[in-house]
Each structure stands twice: as structure tokens, then as C-alpha cells.
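Heads up: the structure comes next, in C-alpha cells.
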Amino acid sequence: AENSFGHPFLTEVAAFACWHIWKQRNGLIFSGIMPSFSSWRANFLHDLHLLRHRFKPGLVPRFVVT
1 AENSFGHPFL TEVAAFACWH IWKQRNGLIF SGIMPSFSSW RANFLHDLHL
51 LRHRFKPGLV PRFVVT
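Residue numbers (full-length UniProt numbering): 1 to 66.
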């Protein structure tokens, strides 16, 4: 997976994706909000964009949030 991903931060992205799946689950259980892939993706990308400032300067251009 690391070779096909092509970036050194696969573990962090995978953990962050799992965290957002957990948040979708909590939204359903505690607030009755139906989970969806589109809301998961939007929240995931939004939060990753907010965290870009924590990346090493050399990695930021390789990390494109679309």
C-alpha cells in the first residue's frame, strides 16, 4: 500500500480517515445524523486542509487536497 500511495504519510492519512469514520458513527448514535460518504469526504478533506500547516515544508506540495 505504501508503494502504491507514493507518499511518506500513508499511516497518518489512514488514521485520520478512521477517525472521521468514527465521527460519522458518533453523529448517527448521538445526534441521529445519517452517515454518508460525501459528508465523510467533505469533513475529512476540510480537516486535512486545516492540518497542512503542520506538515514539513517539503511535503506540502506533494499533499494536494482536492
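Backbone N, C-alpha and C fix where the C-beta goes; we use that ideal spot for every residue, glycine too. Since this is a predicted model, take the numbers as computed values, not measurements.
In the structure shown, Ala14 falls within a helical segment according to DSSP collapsed to helix, strand and coil. Taking Arg54 as reference, the option from Phe9, Leu28, Ser4 with the minimal CA-CA separation is Phe9. For the pair Phe44 and Pro57, the Cα-to-Cα distance works out to about 21 Å. According to the DSSP assignment, His46 belongs to the alpha helix (DSSP H) that extends over 37–51.
Around Gly27, the same chain offers Ile33, Pro35 as residues with beta carbons nearer than 7 Å, after the five sequence neighbours per side are excluded.
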